[in-house]
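In the numbering used here, the protein residues as written are 3 to 745.
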């Protein structure tokens with residue numbers, strides 16, 4: 003009897019152990035780390051039918067994160083779970099279009115032909131293009147008729163991937179070297195980092211990387227169009243190879259090749275078991291952080307490289323190519339273009355309008371002059387006409403029309419930077435200082451007073467952009483320096499920027515919008531605005547925390563700046579909800595791992611490794627969180643608190659500073675936790691709050707060290723860069739605020 007009971011206990015224990023493992027895999031289906039997410043998905047499929055109950059339960063529970071639900075649907079489809087069919091049919095009507103589209107797609111994979119008529123009926127009611135596409139695919143898999151192609155007039159697609167057909171590309175580094183030997187030319191590699199390893203190309207062996215653990219339902223077309231690597235490469239190539247003189251020089255003297263590599267190849271602590279393709283050009287991925295240009299001989303000898311590019315200048319690159327070749331040639335510059343280089347947009351427009359028979363080049367630059375003069379609608383109409391054609395000017399116009407990715411105005415410059423050595427190793431020259439950064443911000447301001455967001459071209463609705471928080475940051479940055487750098491232009495820029503933010507800050511619900519609107523209100527000492535914005539922040543608080551995503555994922559880096567500002571507002575006499583501040587402090591304390599180390603956010607504790615790497619993963623959060631907790635107490639939220647925690651946090655910050663910088667310009671997201679465990683959510687975001695901590699504790703040596711480090715990252719155009727997708731004006735504004743703390 004006892005043996006039977008023991009055996010039964012063992013069976014139950016093993017069953018529960020297996021159930022626990024399945025539940026953990028299900029929880030990982032919305033893990034922000036793609037590797038962990040797809041690993042869990044594959045594990046559930048490999049586990050077989052035993053995974054079905056847990057996945058079905060997660061899919062049906064609408065309180066679960068949407069990402070977890072649609073990945074659960076993918077498991078159900080992968081296991082061909084017939085019992086899930088009625089639930090997936092209901093899922094096609096889900097409010098979240100991604101859940102609906104995956105549900106529709108998986109019904110085709112399960113293969114139950116009895117649902118064909120229901121899918122056809124759902125297809126007639128579907129309105130979202132991705133749901134329509136998934137239903138069409140499933141209907142075809144189940145033997146239904148293919149969808150009728152709608153008759154629509156052909157229009158140029160401004161988002162079409164650009165091929166730069168006028169450039170004689172080599173497909174791989176190896177082919178480029180072979181052709182360079184045969185044609186007696188040099189090799190020029192355009193190296194860009196991609197978030198998806200499935201987009202690796204440009205070297206022999208890339209296919210092995212692409213095919214390794216291909217994710218389920220992988221869509222290469224969609225990935226290419228949405229991956230920051232494509233957007234970044236497109237901006238780089240358009241800036242350089244849509245200049246006719248530079249395109250001719252490259253074609254005549256170089257064999258060009260585009261090299262796409264996954265971001266983790268470039269990490270100092272990244273994997274080293276793969277064969278580095280850049281060694282075939284005389285350098286390595288560890289030495290050639292992208293975006294990069296690599297010049298080499300046919301036998302693989304390095305001639306020159308420009309790495310960590312944050313400015314794309316065709317004139318400067320033209321001089322670099324000449325220097326590599328030992329030539330002395332000059333670019334063709336027309337009268338109107340010469341004025342554009344000097345930022346005389348009105349004068350350039352006048353000259354270009356006077357041309358009797360303008361060609362495509364004249365029309366492009368006239369549109370550019372109109373755009374920079376504030377006549378965006380007119381510029382858009384002119385670029386639309388150019389975009390309907392082919393060739394480099396049509397390609398260049400399409401980039402200016404594209405609402406996604408780096409804004410050409412921020413990244414692509416007509417300046418030559420004649421004072422700069424053409425053989426520069428990087429566009430970070432570390433000179434210009436505060437004055438150059440201010441000039442850059444003034445040049446980037448829109449006529450309506452705003453500093454546009456990267457996804458705010460022409461008339462994008464404000465709710466989809468970060469134009470308001472970016473403008474608030476830039477206004478506060480200029481206010482911090484206007485006494486040292488007075489002038490009518492800076493005063494006008496500040497006035498217009500304040501008017502822009504004031505007109506909009508009472509209509510905002512986005513966390514970044516409200517945070518930096520409050521930052522400006524505190525800076526202005528506007529008590530009424532501080533109280534109003536604090537109440538608005540209260541409406542989007544969740545259990546003491548704030549988030550830029552969903553309430554299931556609260557973030558310390560969202561919460562800490564808000565707590566700092568609430569305490570600042572309270573200290574300036576504004577009536578602030580003390581209970582909300584205490585809840586925020588409790589949230590930060592709940593996310594304290596040990597000492598001065600903090601989690602990234604709820605549901606993301608897996609991103610805090612043990613040991614020394616744990617400190618790296620919190621190095622930019624630590625000063626921010628400790629500063630917030632200190633400000634709460636100082637502002638009246640509790641007893642006085644010592645600065646010991648801030649000092650320890652700053653030690654962690656300085657220890658991780660170099661590694662944090664190595665992730666920027668390569669990664670568009672804050673970090674790849676599977677490689678570096680390095681927290682650099684935004685490099686200059688973290689630097690600003692660290693600078694506030696340095697000032698608070700009176701660390702003079704730290705101030706000198708941090709100031710020198712910051713200024714060393716200044717670009718040749720005066721700007722500062724985190725990632726290309728974020729935009730340079732917000733980074734530059736945060737730098738000016740940090741430097742104001744370190745005076």
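The C-beta atom is built at its ideal place from N, Cα and C for all residues, glycine as well.
As the structure is a computational prediction, the values presented were derived from the model and not from experiment.
With respect to the C-alpha of residue 668, the residue from 204, 294 and 221 having the closest C-alpha is 294. For residue 632, the enclosing alpha helix (DSSP H) begins and ends at 623–634.
Within the model, the alpha-carbon separation for residue 589 versus residue 148 is close to 53 Å. Taking the Cα positions, residue 515 is about 7 Å away from residue 468. By the Cβ neighbour-count rule, residue 550 is exposed, with fewer than 16 other Cβ atoms within 10 Å of its own. For the 9 Å CB-CB criterion, residue 387 and residue 358 do not form a contact.
When beta bridges are read from the DSSP output, residue 266 appears opposite no residue. In the three-state reduction of the DSSP assignment, residue 123 falls in the helix class.
A Cβ-Cβ contact shorter than 9 Å links residue 174 with residue 204. In the DSSP assignment, no residue is bridged to residue 350. Under the three-state reduction of DSSP, residue 79 is assigned to helix. The beta-carbon separation of residue 737 and residue 439, rounded to 6 Å, stays under the 8 Å limit for a contact.
The beta-bridge partner set that DSSP reports for residue 259 consists of 172 and 191. Residue 502: member of the alpha helix (DSSP H) spanning 490–504, first to last residue.
One thing to note: residue 443 has its Cβ within 9 Å of the Cβ of residue 479. Excluding residues up to 5 positions away in sequence, 662, 663, 666 and 724 lie with their Cβ nearer than 7 Å to the Cβ of residue 685 in the same chain. Distances from the alpha-carbon of residue 287 to those of 301, 299, 693 and 308 put 308 closest.
Secondary structure at residue 139: helix, using DSSP grouped into helix, strand and coil.
For residue 134, the closest C-alpha among the options 116, 101 and 114 is that of 101. In the structure shown, residue 656 falls within a helical segment according to DSSP collapsed to helix, strand and coil. Of all C-beta pairs linking the stretch 103–118 to the stretch 87–94, three or more are shorter than 8 Å, placing the two stretches in contact.
Looking at the DSSP output, residue 298 shares a beta bridge with 189 and 304.
Residue pairing of residue 527 in beta bridges, as defined by DSSP: absent, with no partner found. Per DSSP, the continuous alpha helix (DSSP H) segment holding residue 227 begins and ends at 222–228.
DSSP, read as helix, strand or coil, puts residue 236 in helix.
In the displayed model, residue 665 falls within coil according to three-state DSSP, outside both helix and strand. Counting only runs of at least 4 residues, the stretch 362–440 fully encloses the following alpha helix (DSSP H) elements, listed from N- to C-terminal order: 362–374, 378–389, 394–403 and 410–413.
Restricting attention to 285, 232 and 190, the CA atom closest to the CA of residue 249 is found in 190. Taken through DSSP and simplified to helix, strand or coil, residue 620 comes out as coil.
Under the DSSP assignment, residue 706 falls in the alpha helix (DSSP H) whose first and last residues are 702–713. For residue 340, the closest C-alpha among the options 138, 354 and 619 is that of 354.
In the DSSP secondary-structure assignment, residue 717 is bridged to 430. Cβ atoms of residue 196 and residue 247 stay farther apart than 8 Å, at about 29 Å. With contacts defined as CB atoms closer than 9 Å, residue 628 and residue 697 fail to qualify as a contacting pair. Annotation for residue 594: the continuous beta strand (DSSP E) segment containing it runs 594–596. Leaving aside the five residues that flank residue 369 on each side, the residues in its chain whose CB is nearer than 6 Å to its CB run, in chain order, 381, 384 and 385.
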